[in-house]
Amino acid sequence: MRQTLDFLLNDWLHVEQLTARPRFAEHSAETFAAVLDTCERIARDKFAPFNRLADTQEPHFDGERVHLPQATHDATLAYAESGMLAAAQDYDVGGMQLPCVIEMAGNAFFSKASVAMGGYAMLTSGNASLLMVHGTPTQREVFAKNEFAGRWFGTMCLSEPQAGSSLSDVATRAELDDASDPLGPRYRLTGNKMWISGGEHEITENIIHLVLAKVPGPDGKLIPGTRGISLFICPKWLVNERAELTGERNDIVLAGLNHKLGYRGTTNCLLNLGEKGQGAVGYLVGKVGDGLRCMFHMMNEARIGVGLGAVMLGYAGYEASLEYARQRPQGRPMTAAGKDSASPQRPIIEHADVRRMLLAQKSYVEGGLALELYCARLVDELHTGEAAAEAQAVLDVLIPIAKSWPSEWCLEANSLAIQVLGGYGYTRDFPVEQYWRDQRLNMIHEGTHGIQALDLLGRKVVQQGGASLAALAARVQHTIERAMQTGWSAEANQLAAALAQVGGATKKAWSTGQPEEALANATPYMQAFGHTVLAWLWLDVALALPGEGDFAQGKRAAARYFFAYELPKIGAWLDVVARREPLCRDMKTEWF
Ligand SMILES: Cc1cc2nc3c(=O)[nH]c(=O)nc-3n(C[C@H](O)[C@H](O)[C@H](O)COP(=O)(O)OP(=O)(O)OC[C@H]3O[C@@H](n4cnc5c(N)ncnc54)[C@H](O)[C@@H]3O)c2cc1C
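Numbering of the sequence shown is given in the working numbering, commencing with residue 96 and proceeding in unit increments.
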């Protein structure tokens, strides 16, 4: 994986060019490599050996305290000590001023080693980064800085039992208590937050919850829709403006832990706010009614992070099944003369069908890695590049793909990894079943698969008269033109046809102007769109491959696999989109 990562970063995305920009001037190819080395080492020593333990020793609540394996404490604190919590932050707040693409690449090692143990740090970094943008100077100093230092960890509290995909229905209520508190306008919050990752633990002395809640209007009623949503900092233990714990427990308490299919190393909590009386103390971040906008400020990075986590779980399964397939003897070659049962068995990797399963995995996980790094590189273009508007447009359409494509196809990779191991894959004696269970979350959180599809077809590809889609198409076209001059011209033609098909289906889906008609097949649309994007990236990667060695040949085979076995699938997906197939929409509830 390291060789692939280095190739994608250096030979394909040319990350060293970023060091010419003032923000990254103190970095070099060597400092980038040193960051990756450190992450790889900590992940290998502190995370990977305990991934199974974090799964079998599920977080346990004894009624007062939540218990986690000591290894989770040690691993997360080692991560904090590495400085990665503030990797992308300015030097003057203790950060490393790393480009997003290097930060993401470093974090990839942790997702691969133990995605669940890594969850606490990812949430903390996202929480503190949000406060750096939207918090007051005191909120940044007190909360964000202590999170970056690893003294306190953070959470994101959006969901409620009755409000998941539909956040406009958030019912947690925030009443003004004291507008002049030095930590920000102080409110009292009452309500319930469901599914909160990292919502309770004792790894750090405090937990800083970022909570979405509604401030009632003048009539005392909660304002309907997302306009009414505001964002609050609710520390588990109250603190003063000097960042000292006051010793007083905030009224935000654990009602219970959720027991999950996978991802068990990260606690997942139902939290009750204001159960005991006046309400939990929460300090307003930004303006009243601006909560969702603040929360989604970091959305691009969060969704790339989820996508990358999905890719790395796929990668872990691919590597485990590859190693197994090289060693497992089973079966003999079938020749025209039949099988020679006196001959030794062959390793299963020599069977074409096993190679098919390994190539599928390789094409999903390496293609997925290219996708996520490409998107992270676009985030850097957005923040420090010269063509920020174009980068924004391309990123807009790619973000639903970055989140959803690996969630679906690296789950398939994990399933294929189990299949390669046969019965052994289905047992807990091998790691592949855990990867599949951990992976299954990714189509659910950070916007479900269906919600991502609605975002893509309902908003992103039609926004500004289709300008974002056109910006992406221009980049795809550029790759096609370059590939036409090479031995990849057949694939280039195939990609050009796919791009035209996606464009045509987009138009036909919206030709009646009826959202219900267009969006009834949003998920197949997203599948086709995602496969087209991946074909493009594979072609682009193939053009950057050096020489004839095993490394390059393997990647070429994976690229060809994607064009031969995967891209043709888009026909079926786009057919239902283009004819606005009404079946799912018209199906009556009573007919089920
Ligand atoms: C392990 C885990 C960790 C999580 N961590 C956090 C966290 O840290 N913080 C946090 O705030 N939340 C967290 N979540 C919550 C997660 O974001 C929600 O589960 C998710 O948003 C879906 O909400 P829901 O579960 O209520 O499902 P629902 O919204 O009820 O969705 C159920 C199904 O209906 C579909 N659906 C819903 N609405 C529509 C629609 N309009 N059109 C088409 N289809 C629709 C969905 O796609 C889905 O398939 C976590 C969840 C899990 C399982």
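Heads up, the beta-carbon is just placed ideally off N, CA and C, and yes, glycines get one too. Given the structure is predicted, the values throughout are model-derived calculations rather than measurements.
Look at the alpha carbon of residue i and the alpha carbon of residue j, and state the distance between them as a whole number of angstroms.
i       : j       : result
Leu-180 : Gln-558 : 34 Å
Thr-321 : Arg-281 : 21 Å
Met-212 : Trp-504 : 23 Å
Glu-770 : Leu-403 : Lying before the first or after the last residue shown, residue 770 is absent from the chain, which here runs from 96 to 687.
Met-289 : Gly-259 : 9 Å
Leu-72  : Ser-224 : Lying before the first or after the last residue shown, residue 72 is absent from the chain, which here runs from 96 to 687.
Gly-637 : Leu-103 : A quick correction: the sequence has Ala, not Gly, at residue 637. Looking at the two C-alpha atoms, the distance is approximately 11 Å.
Pro-526 : Gly-412 : 8 Å
Ile-539 : Gly-517 : 27 Å
Tyr-469 : Ile-324 : 33 Å
Leu-307 : Asn-287 : 11 Å
Gly-315 : Ala-269 : 11 Å
Gln-45  : Glu-121 : Nothing can be reported for residue 45, as the shown portion of the chain is limited to 96 through 687.
Arg-97  : Cys-679 : 44 Å
Val-406 : Glu-507 : 11 Å
Asp-635 : Ala-652 : 14 Å
Pro-311 : Pro-256 : 20 Å
Met-199 : Pro-439 : 45 Å
Leu-552 : Met-251 : 27 Å
Ala-447 : Gly-377 : 60 Å
Ala-415 : Leu-632 : 25 Å
Ala-244 : Leu-511 : 40 Å
Arg-249 : Gly-189 : A small fix is needed here, since residue 249 is Gly in this sequence, not Arg. Distance between the alpha carbons of Gly-249 and Gly-189 is about 18 Å.
Ile-197 : Gln-609 : 42 Å
Glu-242 : Asn-335 : 15 Å
His-155 : Ser-254 : 22 Å
Gly-520 : Ile-443 : 14 Å
His-296 : Gln-112 : 41 Å
Ala-568 : Ile-575 : 10 Å
Gly-214 : Gly-221 : 11 Å
Phe-657 : Ala-604 : 26 Å
Trp-583 : Gly-649 : 15 Å
Glu-481 : Ile-291 : 38 Å
Asn-301 : Arg-139 : 28 Å
Thr-219 : Ile-328 : 13 Å
For residue i, write down the residues that DSSP places opposite it in a beta bridge.
i       : result
Trp-332 : Arg-344
Lys-309 : Arg-268 and Ile-324
Ala-258 : Glu-255
Lys-728 : Residue numbering for the chain in the displayed model covers 96 to 687; residue 728 lies beyond these limits and cannot be assessed.
Thr-250 : His-304
His-155 : His-162
Val-228 : Its beta-bridge partners do not exist; DSSP assigns none.
Pro-442 : Pro-424
Gly-377 : Tyr-282
Asp-51  : In the structure displayed, the chain extends from 96 to 687; residue 51 sits before or after that span and is not available.
Thr-361 : According to DSSP, Thr-361 bridges with nothing at all.
Gly-372 : Note: Gly-372 sits in no beta bridge, so no partner.
Gly-351 : Leu-365
I'd like to know whether the C-beta of residue i is nearer than 7 Å to at least one C-beta of chain E.
i      : result
Thr-99 : In the displayed structure, chain E is absent; only one protein chain is listed.
Please determine whether the Cβ atom of residue i lies at a distance below 6 Å from any heavy atom of ligand 2.
i       : result
Gly-214 : The model depicted lacks ligand 2 and carries ligand 1 instead.
Continuous alpha helix (DSSP H) assignments of at least 4 residues falling wholly in the region 555-607: 558-579 and 584-604
I want to know whether the region 131-138 touches the region 198-213 - three or more CB-CB distances under 8 Å. yes
Taking one C-beta from the region 461-474 and one from the region 490-505 each time, how about it: are there three or more such pairs within less than 8 Å? yes
Decide yes or no for the touch test of the region 352-359 against the region 532-543: beta carbon pairs closer than 8 Å, at least 3 of them. Taking 8 Å as the limit for Cβ pairs, the verdict is that the region 532-543 does touch the region 352-359.
Would you check if the region 231-243 and the region 273-280 touch, i.e. whether three or more CB-CB distances between them fall below 8 Å? yes
Kindly provide the ranges of any alpha helix (DSSP H) runs that are 4 or more residues long and lie completely inside the region 466-526, ordered along the chain. 483-516
Between the region 163-173 and the region 367-375, can you find at least three pairs of beta-carbon atoms closer than 8 Å? no
Taking one C-beta from the region 416-424 and one from the region 612-632 each time, how about it: are there three or more such pairs within less than 8 Å? no
Using 8 Å as the cut-off, can you tell me whether the region 591-599 makes contact with the region 635-649, which would need three or more C-beta pairs spanning the two stretches below that distance? no
Examine the Cβ distances between the region 559-570 and the region 489-496 and report whether three or more of them are shorter than 8 Å. As far as the Cβ criterion goes, the region 559-570 touches the region 489-496, which means the pair count is three or higher.
Cβ contact (3+ pairs, closer than 8 Å) linking the region 383-394 and the region 443-461: no
In chain order, which continuous runs of the alpha helix (DSSP H) of length 4 or greater are located wholly inside the region 186-219? 195-209
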